[in-house]
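As structure tokens, the structure follows; a few thoughts come after it.
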Amino acid sequence: MGGVEQVNGNIDLFAAETVHMLAEIVTIHADRLDTRIIQRIRAEAERRIFTPLYREKRVYHWQGADHNWSAVCSGCCGMAGLLLLEEEAILTESVSQTIRSMQAFLSGYGMDGGCAEGIGYWVYGIGYFVYYADMLREYSE
Numbered sequence: 002m003g004g005v006e007q008v009n010g011n012i013d014l015f016a017a018e019t020v021h022m023l024a025e026i027v028t029i030h031a032d033r034l035d036t037r038i039i040q041r042i043r044a045e046a047e048r049r050i051f052t053p054l055y056r057e058k059r060v061y062h063w064q065g066a067d068h069n070w071s072a073v074c075s076g077c078c079g080m081a082g083l084l085l086l087e088e089e090a091i092l093t094e095s096v097s098q099t100i101r102s103m104q105a106f107l108s109g110y111g112m113d114g115g116c117a118e119g120i121g122y123w124v125y126g127i128g129y130f131v132y133y134a135d136m137l138r139e140y141s142e
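Residue numbering for the sequence shown follows our numbering, starting at 2 and increasing by one per position.
Written as structure tokens, this is what we have:
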């Protein structure tokens with residue numbers, strides 16, 4: 002299985018949503034997937050997301066943002082971490098970083114519960130906040 006070696010280390014909405022989707026696929030369909038596919042997904046998640054974000058602790062513009070990017074990017078990466086990470090220390094780092102980003106996200110909401118981005122982005126951002134919170138609750142039980 003060849004592949005493109007270029008990885009610039011940038012984690013954006015597409016990269017975050019992709020790693021989350023692939024982590025869900027591996028978790029739900031592991032018994033139907035060739036082990037090489039599972040290994041490749043895990044390796045790419047590590048290389049493209051987990052290493053730069055949780056091991057190297059690179060800082061991304063969305064981590065402290067008070068809009069949907071912080072909830073979507075951190076929520077997706079955090080859910081992928083809950084599903085794929087096996088090292089306790091890295092998983093702990095993932096949860097800590099995700100919670101900090103979620104706090105930044107919530108700071109963008111006014112007293113009326115609205116956000117400056119409008120209803121579409123409100124749904125998008127709060128959706129990933131809730132998805133992550135639910136998965137973390139399930140994982141913690």
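Glycine residues also receive a C-beta, built at the ideal position from the N, C-alpha and C atoms.
Asked, Found
"Backbone CA spacing between G76 and Y129 [nearest angstrom]", "6 angstroms"
"DSSP state of R43 mapped onto helix, strand, coil", "helix"
"N-terminal and C-terminal residue of the alpha helix (DSSP H) that H21 is part of", "14 to 30"
"Contained beta strand (DSSP E) runs [length at least 3] in the segment 70 to 98, N- to C-terminal order", "none"
"Nonlocal neighbours in the same chain, by C-beta distance under 6 angstroms from I91, ignoring five residues either side", "Y55"
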